[in-house]
Amino acid sequence: MNISHIEHIGIAVNSLDEAIPFYENMLGLKCYAVEEVKDQKVKTAFFMVGQTKIELLESTDPEGPIGKFIEKKGQGIHHLAFATENVDESLSELEEKGVRLIDKKSRKGAEGLNIGFLHPKSTLGVLTEICGKE
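Under our numbering, the residues of the sequence shown are numbered 411 to 544, in order.
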């Protein structure tokens, strides 16, 4: 597996309408895309910071993963995403090394990327995403 960089940091928020102005007005960042990923029950907003993105995540359904996360833990960092050349190969390699997977095969995420999550019980408590174009 060849991780090239931190692709993004996912941050769960109650409302994009409230969070985007903070990142733009207080931190001087520019939101370059807002997208809904219906099968994940989430609406996302993206900001670039150098080579790394910040992904804000607003739940579109209280029973979705972000809705449940916010109910349990409140707003805050949700996951760390690493970029790799081939997500499915990376997931297989990690599983062979004993990492517990949430996704055994990649699925489509925001910005058209293929994504797969590793279970936080296998990653020192950090929900970890592997993502890439393949």
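Here a beta-carbon is modelled for each residue, glycine too, at the ideal position from N, C-alpha and C. Here the structure is a predicted model, which means the values were calculated and not measured.
Query, Result
"My guess is that residue 503 and residue 411 are in contact by the Cβ rule of under 8 Å, so how many angstroms apart are they, rounded?", "5 Å"
"Residue 503 by DSSP, collapsed to three states: which one?", "helix"
"Measure how close the beta-carbons of residue 421 and residue 487 come, nearest whole angstrom, since I'm counting them as under 8 Å.", "6 Å"
"Compare the C-alpha of residue 427 against each of 451, 467 and 447 and name the closest.", "467"
"Would you call the stretch 470 to 484 and the stretch 493 to 511 touching, i.e. three or more CB-CB distances under 8 Å?", "no"
"What residues match up with residue 476 in a beta bridge as DSSP calls it?", "Residue 476 pairs with nothing; no bridge assigned."
"Candidates 453, 507, 525 and 462: which alpha carbon is nearest residue 603's?", "Given that the chain is displayed from residue 411 to residue 544, the structure contains no residue 603 and the question cannot be resolved."
"By alpha-carbon positions, which one of 470, 441 and 506 ends up nearest to residue 457?", "441"
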